[in-house]
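Asks: Positions 19 to 492 (this note's numbering) are the ones given, in order, by the sequence shown.
All C-beta atoms in this analysis are idealised placements derived from N, C-alpha and C, irrespective of residue type, glycine included.
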Amino acid sequence: MSETYRYESIVRTLRGLIERGVLRPGDRMPSLRDTREKSGASIGTIMHAYARLEDSGVIEARPRSGYYVRSRPLRRAAEPVTSSPPTVSTDVDVANLVFDVLEAIKHPEIVPLGSAFPSPEHFPTEKLNKAAAEAARRLPVWSSVRDLPPGNAELRRLIALRYAEAGVDVAPDDIVMTCGAMEAINLSLNAVAKPGDIIAIESPTFYSTLLSIERMGMKVVEIATSPRDGIDLGSLRNALNALDVAACVVMPNFQNPLGALMPDEKKRELVAMLARTNTPLIEDDVYAELYFGKAKPKPAKSFDRAGLVLHCGSFAKSLAPGSRIGWVAPGRFKPEVERLKFISTISTPSLPQAALAEYLKHGGYERHLRGFRQRLRGALAAMTEAVATHFPAGCRLTQPQGGYMLWVEMPESIDALRLHQLALAEGISIAPGPLFSVKRKYGNFVRLNYGHFNVKSTVNAVRTVGHLAGDLLR
Ligand SMILES: Cc1ncc(COP(=O)(O)O)c(C=O)c1O
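In structure tokens, the structure reads:
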């Protein structure tokens with residue numbers, strides 16, 4: 019038997035003992051000498067195997083005491099690895115699964131760890147209502163005509179101001195107002211691709227975008243994506259070379275569900291690569307305001323010189339989900355997007371646009387965002403701690419630098435769809451991994467939402483889900 023085989027076998031056996039709960043968090047690992055006697059491997063091989071388990075965050079070395087099963091994952095080593103989907107185009111069929119899971123989120127008595135929305139308690143509702151009342155009092159009688167696409171001029175001016183503050187060159191006339199970012203993405207897809215075309219997407223990706231692509235009869239090619247710095251440019255280049263890709267949909271800032279943040283250089287390279295093949299980039303940037311770092315991350319749009327980036331934004335995640343106000347800065351595709359907007363819903367409702375313009379001018383948006391980010395950062399720490407403590411050993415979790423989604427990889431034997439059913443029976447929703455892939459991959463992953471105020475009930479819910487996951491393991 020070769021030393022390589024012995025090494026793999028030791029890693030597999032010890033990892034299996036931990037994943038099945040035979041060795042529990044805090045337990046001492048078999049000593050190097052015991053393992054040598056059982057395996058017949060050299061001490062060097064055994065040390066190498068233990069080092070691998072330590073690197074992957076499953077065990078830890080304690081000075082003069084030996085190795086122990088970690089009670090919580092090592093932050094550095096506990097991230098899921100970059101996904102590795104094959105470079106082939108696929109028809110999309112996710113609708114039924116998504117609607118089954120979303121149905122559960124609607125009930126207010128369910129703890130919504132599976133929801134894509136933050137708690138409504140985070141938003142400045144009273145101030146927004148005041149702004150809406152003021153806007154309603156002053157709404158011009160001609161607003162229904164004036165607000166036809168591209169939409170409310172004052173709101174577009176205020177959004178352009180925010181682009182300017184972030185160093186992005188987008189004028190009010192470059193913007194089309196929409197009913198949320200979802201409509202912005204739909205219009206963008208329609209403007210740049212047709213049924214049968216192939217859309218390159220991150221894997222995993224936001225399920226509603228998959229639903230849109232499915233509804234439009236387009237195909238997708240899933241691209242490997244790192245939980246830390248986003249879409250893998252080498253894999254994207256391969257897809258562009260191998261397939262006739264009509265467009266690419268990417269979330270460079272706080273990707274849903276990974277929370278990944280692309281560094282600026284990578285965004286620049288992404289935009290340049292797509293420009294070389296004249297491929298439009300639909301940039302879904304709904305979480306940009308919810309950053310935990312020092313400054314708001316730039317959009318890929320800021321590197322766009324060819325007008326190929328359609329930048330989709332929204333107030334739904336950062337300020338006013340119920341207003342359903344979003345927008346798209348579609349670059350060279352603006353005339354087409356504007357026409358499609360008119361065809362699909364004529365225009366975006368006037369009053370919510372006027373209300374948001376009123377709030378942005380006088381309501382203290384920046385102050386609200388500062389508090390919101392701080393609360394989310396605290397909630398992330400509490401959620402990370404709870405998952406690390408209560409989920410089975412060997413789970414890996416992302417380290418989002420913004421947004422409110424945590425992506426958890428569980429041991430392979432845990433079926434996330436089954437876990438979702440069991441959690442629902444306990445009054446808790448989770449978002450199972452297969453929602454985020456056309457091939458229903460990520461069968462042992464879940465996305466958890468930490469964007470809810472009531473940390474205590476959230477932590478209790480995480481504990482319950484963690485114990486259910488432990489039961490599935492056994
Ligand atoms: C990544 C992403 N894009 C777009 C949307 C939709 O945004 P809106 O509510 O503005 O339509 C969501 C909502 O969950 C999202 O998570």
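Considering only the beta carbon of each residue, do PHE454 and PRO222 sit closer than 8 Å?
Replies: As a working note, residue 454 is residue 436 in the sequence shown. As a working note, residue 222 is residue 204 in the sequence shown. Yes, they are a contact pair.
Asks: Going by the C-beta, is PHE141 closer than 7 Å to any heavy atom of ligand 1?
Replies: To locate residue 141, count along the sequence shown from 1; it is residue 123. Result no, Cβ not under 7 Å from ligand 1.
Asks: Which partner residues of ARG80 appear in the DSSP bridge assignment?
Replies: On the sequence shown, residue 80 is found 62 positions in, with the first residue counted as 1. DSSP output for ARG80 lists GLY84 as bridge partner(s).
Asks: Any heavy atom of ligand 1 closer than 7 Å to the Cβ of ASP262?
Replies: The residue you call residue 262 lines up with position 244 of the sequence shown. Incorrect: ASP262 has no Cβ contact closer than 7 Å to ligand 1.
Asks: Under the criterion of a Cβ to heavy atom distance below 7 Å, does SER49 qualify as lining ligand 1?
Replies: Stepping through the sequence shown from its first residue, residue 49 is reached at position 31. Incorrect: SER49 has no Cβ contact closer than 7 Å to ligand 1.
Asks: Would you grab the beta carbon distance between PRO213 and MET423 for me? Rounded to a whole angstrom, and I think it's under 8 Å.
Replies: Translated into positions along the sequence shown, residue 213 becomes position 195. Translated into positions along the sequence shown, residue 423 becomes position 405. 31 Å between Cβ atoms; not a contact.
Asks: Any idea which residues DSSP pairs PRO450 with across the strands?
Replies: Locating residue 450 in the sequence shown gives position 432, counting from the first residue. Looking at the DSSP assignment, PRO450 forms a beta bridge with VAL464.
Asks: Quick check: the region 146–153 against the region 366–374, are at least 3 beta-carbon pairs closer than 8 Å?
Replies: The region 366–374, when compared against the region 146–153, does touch it at the 8 Å Cβ threshold.
Asks: Provide the residue span of the alpha helix (DSSP H) that contains ILE123, from first to last.
Replies: Indexing the sequence shown from 1 puts residue 123 at position 105. It spans 113–123 - the alpha helix (DSSP H) in which ILE123 sits, taken as one unbroken run.
Asks: In this structure, what does DSSP give as the bridge partners for LYS237?
Replies: Numbered from its first residue, the sequence shown carries residue 237 at position 219. Partner(s): ILE216.
Asks: How long is the line joining the alpha carbons of PHE351 and PHE135, rounded to whole angstroms?
Replies: Along the sequence shown, read from residue 1 onward, the residue named residue 351 stands at position 333. Along the sequence shown, read from residue 1 onward, the residue named residue 135 stands at position 117. Rounded to the nearest angstrom, the two C-alpha atoms are 29 Å apart.
Asks: Taking only heavy atoms of ligand 1 into account, decide whether any of them is closer than 7 Å to the Cβ of PHE224.
Replies: In the sequence shown, the residue the question calls residue 224 occupies position 206. Result yes, Cβ under 7 Å from ligand 1.
Asks: For the alpha helix (DSSP H) holding SER206, just list the boundary residues, first then last.
Replies: Walking along the sequence shown from the start, residue 206 turns up at place 188. 198–210 is the span of the alpha helix (DSSP H), which, as asked, contains SER206.
Asks: Do the CB positions of LEU251 and GLU287 come within less than 8 Å of each other?
Replies: Within the sequence shown, the letter at position 233 stands for residue 251. Within the sequence shown, the letter at position 269 stands for residue 287. It is a contact, given that the beta carbons lie within the stated cut-off.
Asks: Following the continuous alpha helix (DSSP H) through HIS329, name the residue where it begins and the one where it ends.
Replies: Working through the sequence shown from its first residue, we reach residue 329 at position 311. Element bounds for HIS329: not the alpha helix (DSSP H) but the beta strand (DSSP E), 327–332.
Asks: Regarding ASN274 and ligand 1, is the C-beta to nearest heavy atom distance less than 7 Å?
Replies: As a first step, residue 274 is located in the sequence shown; it is residue number 256 there, counting from the start. Yes.
Asks: What did DSSP end up calling PRO418 once you bin it into helix, strand or coil?
Replies: Residue mapping note: residue 418 aligns to position 400 of the sequence shown, counting from 1. Coil, per DSSP.
Asks: Secondary structure at SER221, three-state DSSP: helix, strand or coil?
Replies: To locate residue 221, count along the sequence shown from 1; it is residue 203. Note: SER221 maps to strand in three-state DSSP.
Asks: Compute the Euclidean distance between the alpha carbons of ALA479 and ILE446, then round it to the nearest angstrom.
Replies: Residue mapping note: residue 479 aligns to position 461 of the sequence shown, counting from 1. Residue mapping note: residue 446 aligns to position 428 of the sequence shown, counting from 1. The alpha-carbon atoms of ALA479 and ILE446 are separated by roughly 7 Å.
Asks: For ALA67, which of THR100, LEU326, VAL76 and VAL29 has the nearest alpha-carbon?
Replies: On the sequence shown, residue 67 is found 49 positions in, with the first residue counted as 1. Ranking the options by Cα distance to ALA67, first place goes to VAL29.
Asks: Quick check on ILE193: does DSSP put it in helix, strand or coil?
Replies: Counted from its first residue, the sequence shown places residue 193 at position 175. ILE193 falls in the coil class under three-state DSSP.
Asks: Under 8 Å Cβ to Cβ from MET291, same chain only, skipping five residues before and after it: list those, please.
Replies: Counted from its first residue, the sequence shown places residue 291 at position 273. Excluding sequence neighbours, MET291 sits near LEU251, LEU254, ARG255 and LEU258.
Asks: Report the residue from ASN296, ALA347 and ALA338 whose alpha carbon sits nearest the alpha carbon of LYS319.
Replies: If you number the sequence shown from 1, residue 319 lands on position 301. Cα-wise, what sits closest to LYS319 is ALA347.
Asks: Where does GLU283 fall in DSSP's three states?
Replies: Translated into positions along the sequence shown, residue 283 becomes position 265. Helix, per DSSP.
Asks: Quick one: grab the DSSP three-state call for ASN478.
Replies: What you label residue 478 is simply residue 460 of the sequence shown in a count that begins at 1. Helix at ASN478.
Asks: Does at least one heavy atom of ligand 1 sit under 7 Å from the Cβ of ASP302?
Replies: Within the sequence shown, residue 302 is the residue found at index 284, counting from 1. For ligand 1, at least one heavy atom lies less than 7 Å from the Cβ of ASP302.
Asks: Could you check whether the region 463–471 touches the region 288–307, counting it as contact only if at least three pairs of C-beta atoms, one from each stretch, sit closer than 8 Å?
Replies: With a cut-off of 8 Å, the region 288–307 and the region 463–471 do not count as touching, because too few Cβ pairs lie within range.
Asks: Ignore the nearest five residues each way along the sequence and tell me which others in ARG93's own chain have a CB closer than 6 Å to its CB.
Replies: Counted from its first residue, the sequence shown places residue 93 at position 75. Residue placement at ARG93 is flagged as unreliable, the pLDDT there being 46, under the threshold of 50; the coordinate-derived value follows with that caveat. Correct list: empty, nothing qualifies.
Asks: Does ARG385 pass the burial test, meaning 16 or more other C-beta atoms within 10 Å, or should it be called exposed?
Replies: As a first step, residue 385 must be located in the sequence shown, where it is residue number 367. ARG385 should be labelled exposed.
Asks: What I want to know is whether the C-beta of GLY198 ends up closer than 7 Å to one or more non-hydrogen atoms of ligand 1.
Replies: Counted from its first residue, the sequence shown places residue 198 at position 180. GLY198: yes, Cβ under 7 Å from ligand 1.
Asks: Near ILE128, which residues of its chain fall below 8 Å by C-beta distance, leaving aside the five closest residues on each side in sequence?
Replies: Translated into the one-based positions of the sequence shown, residue 128 becomes position 110. For ILE128, where only same-chain residues beyond five positions count, the Cβ hits under 8 Å are ALA122, LEU442, GLY445, ILE446 and SER447.
Asks: Consider the C-beta atom of SER332 and the heavy atoms of ligand 1; say whether any pair is separated by less than 7 Å.
Replies: For this step, residue 332 is matched to residue 314 along the sequence shown. Indeed, a heavy atom of ligand 1 lies less than 7 Å from the Cβ.
Asks: What does the alpha-carbon distance come out to for the pair ARG393 and GLN417?
Replies: Residue mapping note: residue 393 aligns to position 375 of the sequence shown, counting from 1. Residue mapping note: residue 417 aligns to position 399 of the sequence shown, counting from 1. C-alpha separation (whole angstroms): 16 Å.
Asks: Could you check how far apart the C-beta atoms of ILE343 and LEU207 are, in whole angstroms? I think they sit under 8 Å.
Replies: Numbered from 1 along the sequence shown, position 325 holds the residue referred to as residue 343. Numbered from 1 along the sequence shown, position 189 holds the residue referred to as residue 207. With a Cβ gap of about 20 Å, ILE343 and LEU207 do not count as contacting.
Asks: When every heavy atom of ligand 1 is checked, does at least one fall within less than 7 Å of the C-beta of MET291?
Replies: Your numbering for residue 291 matches position 273 in the sequence shown. No; taking the cut-off as 7 Å, the Cβ of MET291 has no heavy atom of ligand 1 nearer than that.
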